[in-house]
Amino acid sequence: MSKRLCFAALATALSLAMAAPAAHAATPKDTVVMAWQLDGIITFDPAESYEIATQELGTNIYDRLMRYEAEDPTKLVGGVAESYTVSPDAKTFTFKLRPNQKFASGAPITADDMAWSLQRVVILDKTPAFLFTQLGWSKDNVKDLVQATDPNTVTFKITEDLAPSLVLNLMSTFAASVVEKKIALANEVNGDLGNSWLKSHSAGSGPYSLVSWKADESVTLEANPNYHLGPPHMKRIVVRHIPEPATQRLLLEKGDIDIARDLTPDQLTPMAGNKDIRIESFPAANTYYLGMNLSEEHLKNPKVREAMKMLVDYEGMVNTVLKGRFIQQEAFLPLGFLGAIAYNPFSLNVEKAKALLAEAGYPNGFELEFTTPNLPPWTDIAQSVQQTMGQAGIKLKIVQVELKQELQIFRARKHQLVLNSWAPDYFDPHSNADTFAHNDDDSDTPKIKPLAWRTHWYIPELTKQTLAAAKEVDLEKRKAEYAALQKTVTDTGPFVIMFQNANQVASRADVKGFKTGLFEDFNFYRTITK
Amino acid sequence: MVTVAAPAAVTNGEWVRRVAGPFRRVWRLLLSVVLTFLGLTCVTFFIGRVIPIDPVLAIVGDKASVETYNRVRSEIGLDLPIPVQYWRYLLKVLHGDFGNSVITSQPVLQDLLRVFPATLELSLLALLIGVVFGVPLGVIAATHRGRWQDQVIRFGSLIGYSMPVFWLGLIGLLVFYAKLGWVEGPGRLDVSYDDIVPVITGLITVDSLVAGEHEVFWNSIGHLLLPASILGYLSLAYVARMTRSFMLGQLKQEYILATLAKGLSPFRVVWVHALGNIWVQLVTVIALTFGSLLEGAVLTETVFAWPGLGLYMKNSLFNADLNAVLGGTMLVGVVYIGLNMLSDLIYPLVDPRARERR
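See the structure below:
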């Protein structure tokens with residue numbers, strides 16, 4: 004008996020040893036395998052999705068009314084639409100669809116599909132609905148306001164005063180994707196317009212279709228032969244959920260994945276000399292800032308706020324601990340956004356800061372509680388800030404908390420100083436202006452809680468300017484208005500705006516053409532070759 | 012009449028003892044299970060209510076309006092008094108409804124059924140490794156007490172005991188996967204073997220054999236081997252240490268001397284008589300080890316991108332997904348209760364005295 008067991012064990016070991024090397028081939032030639040922390044996926048439905056991962060994947064699955072294409076991500080061009088006209092009063096928008104476009108299923112894309120897809124977002128009233136309700140659309144009026152006027156034309160009206168550039172940018176969000184009405188309705192449950200089915204299936208016309216999503220495991224996409232710009236180079240895209248960055252690195256070095264998305268400096272630095280691997284850094288659109296609480300007596304004093312802005316080693320951090328991952332940008336708009344200005348008036352200047360603190364009546368500084376998330380790079384930034392502020396006598400007591408918990412503290416205005424980041428919702432300056440420079444109701448029960456409210460920065464006048472900029476029809480004037488807003492917020496606001504982040508992507512040397520953009524909306528898989 | 016009734020009463024009493032005895036035992040067992048279960052729901056529920064993370068915010072996101080926030084808050088019943096919330100929670104759980112997970116938006120029960128087999132497969136193999144190697148090593152250490160064999164085994168289990176599994180996992184991957192190529196990498200299968208085998212039990216090894224896909228089977232074994240060995244090493248360390256100390260206790264007993272004096276071979280004395288006597292204690296140790304393997308898989312699953320219960324629970328915790336955390340905790344708790352019942356049932360098989368007491 005024991006001999007037989009021994010033999011079985013030996014046989015198992017031998018066959019494993021022989022089987023193992025054969026299986027270690029590189030990834031298939033027509034498939035790209037990407038490792039990414041995918042744990043946030045909730046749904047692939049464009050009318051509900053609001054997570055980073057599905058926004059990116061969805062960009063590659065669905066086409067949308069307007070879009071920024073891979074070839075020039077600074078230009079808004081037609082997606083499903085070929086051209087558009089805006090009425091002189093900027094209230095009526097008419098879109099002509101490209102002829103002969105098809106869904107992945109092979110069915111033609113009609114104006115009815117497009118209009119229905121827009122209505123659907125408002126009717127379902129999930130998270131992205133707010134993008135369109137700001138146009139004045141509601142469940143009751145959207146069917147009248149958004150219509151297919153003929154099989155090739157979508158016309159909609161807006162009831163709010165908004166700049167056409169803002170409206171068109173909203174039409175380039177993932178929510179403005181065209182969904183195949185027939186398929187969605189065929190899978191409708193209890194009048195949900197296909198919402199539950201579209202959580203894990205696709206009915207789009209983008210370069211890829213969703214084949215499978217296994218939560219916490221993988222997402223598989225397959226090329227759509229009907230895509231209007233021609234089928235993409237890669238037949239299949241497999242995104243694997245690999246939570247641990249060190250594991251991603253091993254897989255990449257071994258060639259079992261083609262692209263790793265979540266490597267940190269610990270992994271990237273030692274790989275710098277590896278010829279098989281290419282590391283690239285692309286600017287992204289998150290703004291990292293310190294948020295003060297103006298209910299604190301010291302912080303009410305503008306001189307103190309100015310001094311604190313001089314007590315951060317912006318350059319030093321960007322060149323050392325944050326190298327490759329952050330860009331210095333002290334204005335609230337990330338570079339690359341409409342109206343963004345490269346505006347960095349502050350740099351580390353301890354002497355000047357000390358003088359300002361003395362003028363403000365705090366020659367010996369003061370103490371503040373500094374709430375920060377408990378993970379790098381937050382912890383790295385916090386330590387540097389604590390050290391430089393300390394040089395002028397501002398003693399920061401760091402309180403590390405979980406990111407979600409910090410958000411709660413900040414939203415309840417229970418912080419003194421907080422380290423946080425802001426990710427814009429859509430590719431328009433209003434998304435950021437509306438949070439950094441909007442607070443005309445500082446009561447404890449406002450309708451929304453923009454960052455200016457969370458910091459107790461009561462700015463009724465500036466709020467008017469923000470709302471006016473959102474309505475400005477003249478593009479050049481609009482840009483100038485945002486430039487002024489950014490300067491005011493950076494110079495006088497309760498924010499120490501520091502950085503714009505960058506994404507680092509490591510790929511096998513033979514895999515080319517994958518860039519990440521400012522937004523997930525600009526991360527195209529169709530350009531990847533290998 | 013009285014004299015006739017008396018023997019009948021005796022047989023009745025006998026009957027009552029024979030039938031009611033086991034009933035009473037079952038009843039007592041059930042009662043303890045129900046009480047444990049209630050305690051478990053109570054503790055998990057209240058822990059869920061005191062953690063400083065807002066579950067509503069986790070659902071609606073940072074940018075939601077106050078109206079949406081309040082609507083969702085009352086939708087999930089957080090505006091009700093805590094005892095009412097608990098009562099509603101309990102009723103739902105009794106109907107097998109753990110609510111929907113925030114991060115997967117699927118019913119939690121469905122999620123658990125999906126992720127649990129991955130963990131089960133991993134921990135069963137780990138347990139097998141732990142027991143098959145741990146028990147003999149423990150016995151050898153005890154019989155060679157103080158000599159080099161004992162030292163080596165004790166040192167080996169000390170390392171297994173004290174090394175962080177996270178580190179062991181990464182080093183294991185670096186050596187056996189990246190450098191030597193002996194095992195497959197992280198995940199349960201290679202990408203090219205995905206979606207070939209239909210899901211029946213969720214255990215890929217079993218499903219692939221049922222489907223007759225031998226390549227898939229070997230690939231999954233290749234993926235299992237390293238994480239299972241690392242988890243198995245941890246349980247081996249514990250099992251070996253416990254076996255050693257139980258054995259030392261036995262080897263001191265006088266019956267050992269007696270059996271040796273009777274002329275039985277030392278091999279038989281150690282491996283049959285002494286080992287036979289510690290199985291009761293070992294069964295408990297093994298059951299507990301299995302339980303801790305289930306929860307201890309969290310870090311291993313993170314390193315190995317293993318889509319099991321540990322990874323699921325970690326994600327749920329980090330995303331303040333209360334329903335999923337409570338559901339997962341409940342599952343682990345129920346498995347513990349089950350293991351306890353199981354070891355209670357196994358005792359009589361390995362210990363004649365426990366049989367007597369029945």
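Residue numbers (the numbering used here), protein chains in the order written: chain A, 4 to 533; chain B, 12 to 369.
For each residue, glycine too, the CB sits at the ideal point set by N, CA and C.
Can you find a C-beta in chain B that's less than 7 Å from the C-beta of residue i?
i	result
A/Q58	no
A/K398	no
A/I45	yes
A/D279	no
A/D259	yes
A/K78	no
A/G507	The sequence shown places Gln at residue 507 of chain A, not Gly. For A/Q507, the answer is no, since every Cβ of chain B falls outside 7 Å of its Cβ.
A/A25	For A/A25, the pLDDT reaches just 38, beneath the cut-off of 50, and the residue's location in the model is therefore unreliable, although a value from the coordinates is still provided. Not closer than 7 Å to any Cβ of chain B, the Cβ of A/A25 fails to qualify, so no.
A/L42	Reading off the sequence, residue 42 of chain A comes out as Asp, not Leu. Output row for A/D42: interface = yes.
A/Q419	no
A/Y528	no
Decide if residue i is buried, meaning its Cβ has at least 16 other Cβ atoms within 10 Å, or exposed.
i	result
A/K202	buried
B/N334	buried
A/R264	buried
A/N277	exposed
A/P376	buried
A/A14	Because the pLDDT at A/A14 is just 45, under 50, the model does not fix this residue reliably, and the value given afterwards should be weighed accordingly. Its Cβ having fewer than 16 others within 10 Å, A/A14 is exposed.
A/N504	buried
A/Q270	buried
B/R199	buried
At the 7 Å Cβ level, is residue i part of the contact set with chain A, yes or no?
i	result
B/V77	yes
B/T313	yes
B/L242	no
B/P92	no
B/P197	yes
B/I140	no
B/A316	yes
B/V202	yes
B/L350	no
B/N326	yes
B/L322	yes
B/D73	yes
B/L305	no
B/L184	yes
Out of the options, which has the shortest C-alpha to C-alpha gap to residue i?
i	options	result
B/W282	B/Q96, B/I151 and B/G167	B/I151
B/S4	B/R158, B/T300 and B/V208	Nothing about residue 4 of chain B can be read from this structure; chain B reaches only from 12 to 369.
A/V476	A/S86, A/D33, A/D92 and A/V83	A/D92
A/K417	A/P427, A/D431, A/V402 and A/H204	A/V402
A/P131	B/L135, B/S76 and B/E195	B/S76
A/I546	B/W229, B/G196, B/T313 and B/E224	No answer is possible for residue 546 of chain A: it lies beyond the span of chain A, which begins at 4 and ends at 533.
A/Q408	B/V291, B/V208, B/L68 and B/G192	B/L68
A/K160	A/D147, A/I262 and A/D445	A/D147
For my contact list, residue i and residue j are in at a C-beta cut-off of 8 Å; report their separation, rounded to the angstrom.
i	j	result
A/E362	A/K303	So it is not a contact: roughly 15 Å between Cβ atoms.
A/A206	A/E225	About 14 Å separates the two Cβ atoms, so there is no contact after all.
A/M501	A/E333	7 Å
A/S284	A/F177	In fact, because the Cβ distance is near 25 Å, the residues do not count as touching under 8 Å.
A/K482	A/L341	7 Å
A/V124	A/A50	4 Å
A/K357	A/R414	33 Å between Cβ atoms; not a contact.
A/A288	A/P432	Wrong, their Cβ atoms sit about 11 Å apart, outside the cutoff.
Taking 6 Å as the line, does the beta carbon of residue i fall inside it for any heavy atom of the ligand ATP?
i	result
B/I182	Here there are no bound small molecules, and the ligand ATP is not part of this structure.
Along the stretch 236 to 254 of chain A, what residues have a CB closer than 7 Å to any CB found in chain B? V241, R243, H244, I245, P246, E247, A249, T250, L253 and L254
Going along the chain, which residues of the stretch 110 to 123 of chain B sit with their C-beta nearer than 8 Å to a C-beta in chain A? V113, I114, T115, S116, Q117 and D122
For the stretch 195 to 223 of chain A, which residues have a CB atom closer than 8 Å to at least one CB atom of chain B, in sequence order? K202, S215, K217, A218, D219, E220, S221 and T223
The stretch 146 to 159 of chain A: positions lying closer than 7 Å to chain B by Cβ: none
Output needed in chain order: residues of the stretch 55 to 68 of chain B with a Cβ under 8 Å from some Cβ in chain A. P63, I64, D65 and L68
Residues of the stretch 155 to 181 of chain B with a CB closer than 8 Å to any CB of chain A: list them in chain order, please. L181
By the 8 Å beta-carbon criterion, what residues does the stretch 433 to 454 of chain A contribute toward chain B? T448, P449, K450, I451 and K452
Can you pull out the residues from the stretch 337 to 365 of chain A whose beta carbon lies closer than 7 Å to at least one beta carbon of chain D? Note that chain D does not occur in the displayed structure, where the protein chains are A and B.
Counting only Cβ-Cβ distances shorter than 8 Å, please list the residues of the stretch 104 to 136 of chain A near chain B, keeping chain order. T130 and F133
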